[in-house]
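Asks: For the sequence shown, my numbering gives the first residue as 22, with consecutive numbering after it.
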Amino acid sequence: MSTRAKPAPKEHAAVAAIRKTGAQRIKVAVSDIDGVLRGKYLHRDKFLGVVEPLPKGGFGFCDVVLGWDMMDSCYDNTTITGWQHGFPDANARLDLNTVRHVPWDEGVPFFLGEFVNPDGTPHAACPRQTLKRVLKRAEKMGFTVMTGMEFEWYNFLETPQSWAAKKGVAPTPLTPGMFGYSLLRINQNREFFNAIMAEMQAFGVPIEGLHTETGPGVYEAAIGFSEALEQADRAILFKTGTKEIGARFGIMPSFMAKPHQTLPGCSGHIHQSLSDGKTNLFFDAKNSRKMSKLFESYVAGQIACMMEFGPMIWPTINSYKRLVDGYWAPVKPTWGMDNRTASFRVIAGSPKASRLETRCPGADVNPYLAMAAVIAAGLDGVEKGLKLTTPAITGTNQGAEHIARAPRTLIETTRNFQKSAIARDWLGDTFVDHFAATRDWEWRQWLDGVTDWEMKRYFEII
């Protein structure tokens, strides 16, 4: 009886291309808890060594990435990473299907990664793995989740050095005034504007639309619709890429949710639909609203439990400054037909375009976590067969008078999140406890901080 050696697995096209081109450096990155990309350059030889199959494949990336805040201060209240463990290396695995080339960095090959356990299973605190957990459950339900993200953000004529010199006060806006959809303002900064459109396209982050928004130096971009994991990858790369492109023009983009008290905040809207791989399952031509029963249950799920995922869509202290009555940001779990004052805007009417736009999140979200939250909330309604019994609001929140508004602070939503059986069901106990601890830390940093508001209000008079 003859024995044959198993054929060697075929090399991924992205790896073969690097061998062929002779690229000497490769850029890699992973998401931290706050949605900030943390990365490094790998030498060609190192890269070729880490793309082997696990458990041998992968490379060490200090697990402090999951154990510190955006200012590199280590959490004092987490259990799965922290000083008590000595911040060892975690195993980072590159997703070779995320391969791109960075147009503004000499075309260097680029890959996104995610954290895995020593046996190759998903790391419970990794943001990208958290979204994949939700999407795997959607797949078991028979659904492919399609999404698209929109971001609004302010642009300032600042550099890291000039901003440090100003000690965080009074950034200079790119343009003055309130000019939404302004061709004049686009033309005044067309090199920056065109660089975003062209270079993001070359970076594998297609932009469907880009325009000025209401506010000094504010832009809005809609990222091309795609499957949810690809969309979250595009979204996190868009935020980082826009900052890198802006630096070339002496421009500092900010995705802060509410950088100015009297000006509109910045959104991070998420469009969603469910597909069976061929058909948009949200559309029903026979329904008077053109909404399928599945679509109605998905919306009902978000109405019922979106607030339980609050810190995943409003993750910072500043997020809640955006939730002001009378502004564009919705403050209650309401739905409406093509109504931009609702949290859940139903866009129905055609097999191609029928979708839900969840308008709660701000631009400061971690795209992986925000997307995991809205999809989990919607699919929870589908699993439970919830009915859309709440009436649609009309006009400016008409019909929402008796609906409780969203909490106004991060600590309130964090406590609700930590107690949520639904969040634990969809995201796992380890992630819920870890993420809640990080938001508790963020809240305590705010409690200890002395703000400009306090100085102006109390310093002289009291």
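In this text, a Cβ means the ideal position worked out from N, Cα and C, and glycines have one as well.
In this structure, does DSSP put F213 in helix, strand or coil?
Replies: On the sequence shown, position 192 is the one that residue 213 refers to. Helix at F213.
Asks: Which of helix, strand or coil does DSSP assign to I257?
Replies: Along the sequence shown, one-based indexing puts residue 257 at 236. Correct three-state label for I257: helix.
Asks: At the level of alpha carbons, what is the spacing between C147 and M327?
Replies: Looking up residue 147 in the sequence shown gives position 126. Looking up residue 327 in the sequence shown gives position 306. Going from the Cα of C147 to the Cα of M327 covers about 21 Å.
Asks: Would the beta-carbon of H455 fall within 9 Å of that of T379?
Replies: Position 434 of the sequence shown, counted from the start, is the residue given in the question as residue 455. Position 358 of the sequence shown, counted from the start, is the residue given in the question as residue 379. No, Cβ-Cβ distance for H455 and T379 is not below 9 Å.
Asks: Kindly indicate which three-state DSSP category R310 falls into: helix, strand or coil?
Replies: Taking the sequence shown and counting its residues from 1, one reaches residue 310 at position 289. The answer is coil: DSSP assigns R310 none of H, G, I, E or B.
Asks: Please give the ranges of any beta strand (DSSP E) in the stretch 42 to 121, keeping only runs that are unbroken, at least 3 residues long and fully inside the region.
Replies: Runs of the beta strand (DSSP E) inside the stretch 42 to 121: 46 to 52, 58 to 64, 80 to 83 and 110 to 115.
Asks: Using only CA atoms, which one of I39, Y389 and T430 lies nearest to L468?
Replies: Indexing the sequence shown from 1 puts residue 468 at position 447. That would be T430, whose Cα lies nearest to the Cα of L468.
Asks: Across which residues does DSSP place M170 in a beta bridge pair?
Replies: Reading the sequence shown from its first residue, position 149 is the one you call residue 170. BP columns for M170 point to I291.
Asks: Under 8 Å: do the stretch 419 to 433 and the stretch 368 to 376 share three or more Cβ pairs, one atom per stretch?
Replies: They do not touch, by the three-pair rule.
Asks: What does the alpha-carbon distance come out to for the pair I414 and C381?
Replies: On the sequence shown, position 393 is the one that residue 414 refers to. On the sequence shown, position 360 is the one that residue 381 refers to. Computed Cα separation, rounded: 16 Å.
Asks: Could you spell out where the alpha helix (DSSP H) holding I396 opens and where it closes?
Replies: The sequence position of residue 396 within the sequence shown is 375, counting from 1. Here the alpha helix (DSSP H) through I396 covers P388 to E404.
Asks: Could you compute how far the alpha carbon of K61 sits from the alpha carbon of A50?
Replies: Working through the sequence shown from its first residue, we reach residue 61 at position 40. Working through the sequence shown from its first residue, we reach residue 50 at position 29. Using only the alpha carbons, I get a separation of about 7 Å.
Asks: Taking the alpha carbon of L302 as the reference point, which residue from G88, V403 and W447 has its own alpha carbon closest?
Replies: For the purposes of this step, residue 302 is identified with residue 281 of the sequence shown, where counting begins at 1. Measuring from the Cα of L302, the nearest candidate turns out to be V403.
Asks: Which term fits D110, buried or exposed, when burial requires 16 or more other beta carbons within 10 angstroms of its beta carbon?
Replies: As a first step, residue 110 is located in the sequence shown; it is residue number 89 there, counting from the start. Exposed.
Asks: May I ask you to list the residues that DSSP assigns as paired with I244?
Replies: Indexing the sequence shown from 1 puts residue 244 at position 223. Note: I244 sits in a beta bridge opposite I228.
Asks: Where E265 and T300 are concerned, what is the direct C-alpha to C-alpha distance, given to the nearest angstrom?
Replies: For the purposes of this step, residue 265 is taken as the residue at position 244 of the sequence shown. For the purposes of this step, residue 300 is taken as the residue at position 279 of the sequence shown. So the two alpha carbons sit approximately 38 Å from each other.
Asks: Expressed to the nearest angstrom, what Euclidean distance is found between the alpha-carbon atoms of A444 and H281?
Replies: Position 423 of the sequence shown, counted from the first residue, corresponds to residue 444. Position 260 of the sequence shown, counted from the first residue, corresponds to residue 281. Their Cα atoms are separated by approximately 32 Å.
Asks: Would you mind working out which of G103, E73, S288 and A321 sits nearest G406, comparing C-alpha positions?
Replies: The residue you call residue 406 lines up with position 385 of the sequence shown. Measuring from the Cα of G406, the nearest candidate turns out to be A321.
Asks: Could you tell me the boundaries of the beta strand (DSSP E) in which R366 lies?
Replies: Residue mapping note: residue 366 aligns to position 345 of the sequence shown, counting from 1. Residues F365 to I368.
Asks: Can you list, in chain order, the residues of its chain with a C-beta nearer than 7 Å to that of S203? Leave out the 5 residues immediately preceding and following it.
Replies: Against the sequence shown, residue 203 aligns to sequence position 182. The residues are T233.
Asks: With a 10 Å radius around its C-beta and 16 neighbouring C-beta atoms as the bar for buried, classify T335 as buried or exposed.
Replies: Working through the sequence shown from its first residue, we reach residue 335 at position 314. Reading off the sequence, residue 335 comes out as Trp, not Thr. That one is buried.
Asks: Which residue or residues does DSSP assign as beta-bridge partners of F377?
Replies: For the purposes of this step, residue 377 is taken as residue 356 along the sequence shown, with counting starting at 1. According to the sequence shown, residue 377 is Leu rather than Phe. Answer by DSSP bridge pairing, in chain order: Q293 and V367.
Asks: Can the beta-carbon of V137 be found closer than 9 Å to that of N112?
Replies: Stepping through the sequence shown from its first residue, residue 137 is reached at position 116. Stepping through the sequence shown from its first residue, residue 112 is reached at position 91. Contact flag set, yes.
Asks: Report all residues from its chain with a CB closer than 8 Å to the CB of R310; omit the five preceding and five following residues, and keep chain order.
Replies: For this step, residue 310 is matched to residue 289 along the sequence shown. M358, V367 and A369.
Asks: Is it true that the CB of A325 sits closer than 9 Å to the CB of A398?
Replies: One-based indexing of the sequence shown puts residue 398 at position 377. One-based indexing of the sequence shown puts residue 325 at position 304. Against a cut-off of 9 Å, the Cβ pair of A325 and A398 comes out as a contact.
Asks: Between I272, T459, R460 and V395, which has its C-alpha nearest L152's C-alpha?
Replies: Residue numbering aside, residue 152 sits at position 131 when the sequence shown is read from its first letter. Nearest C-alpha to L152: V395.
Asks: Excluding sequence positions up to five away, which residues of its chain have a Cβ less than 6 Å from the Cβ of V57?
Replies: Within the sequence shown, numbered from 1, the residue matching residue 57 stands at position 36. Closer than 6 Å at the Cβ level, and outside the excluded window around V57, lie M91.
Asks: So, for T389: in the same chain, excluding its five sequence neighbours on each side, which residues have a beta-carbon less than 8 Å away from its beta-carbon?
Replies: Position 368 of the sequence shown, counted from the first residue, corresponds to residue 389. The identity of residue 389 in the sequence shown is Tyr, whereas the question assumes Thr. Same-chain partners within the cutoff: S52, G56, P148, R149, T151, L152, A253 and I257.
Asks: Roughly how far, in whole angstroms, is the beta-carbon of N339 from the beta-carbon of K279, given that I think they are within contact range, below 8 Å?
Replies: As a working note, residue 339 is residue 318 in the sequence shown. As a working note, residue 279 is residue 258 in the sequence shown. Right, their Cβ atoms sit about 6 Å apart.
Asks: How about M167 and S247: do their beta carbons lie closer than 9 Å?
Replies: If you number the sequence shown from 1, residue 167 lands on position 146. If you number the sequence shown from 1, residue 247 lands on position 226. Contact: yes.
Asks: Our contact map puts L195 next to F224 with C-beta atoms below 8 Å; I'd like the distance itself, whole angstroms only.
Replies: The count along the sequence shown starts at 1 and reaches residue 195 at position 174. The count along the sequence shown starts at 1 and reaches residue 224 at position 203. Going by Cβ atoms, the distance from L195 to F224 rounds to 22 Å, so no, they are not a contact pair.
Asks: Please name the residue, chosen from I244, E317 and E173, that lies closest to G289 on a Cα-to-Cα basis.
Replies: What you label residue 289 is simply residue 268 of the sequence shown in a count that begins at 1. Taking only the C-alpha atoms, the option nearest G289 is E173.
Asks: Please give the ranges of any alpha helix (DSSP H) in the stretch 179 to 211, keeping only runs that are unbroken, at least 4 residues long and fully inside the region.
Replies: You should have 181 to 186 and 204 to 209.
Asks: Can the beta-carbon of F80 be found less than 9 Å from the beta-carbon of K67?
Replies: Reading the sequence shown from its first residue, position 59 is the one you call residue 80. Reading the sequence shown from its first residue, position 46 is the one you call residue 67. Contact: yes.
Asks: For Q252, does the three-state DSSP call read helix, strand or coil?
Replies: Here the question's residue 252 lines up with position 231 in the sequence shown. Residue state, collapsed to three classes: helix.
Asks: Taking just the CA atoms, how far does V36 sit from D401?
Replies: Within the sequence shown, residue 401 is the residue found at index 380, counting from 1. Within the sequence shown, residue 36 is the residue found at index 15, counting from 1. Distance between the alpha carbons of D401 and V36 is about 39 Å.
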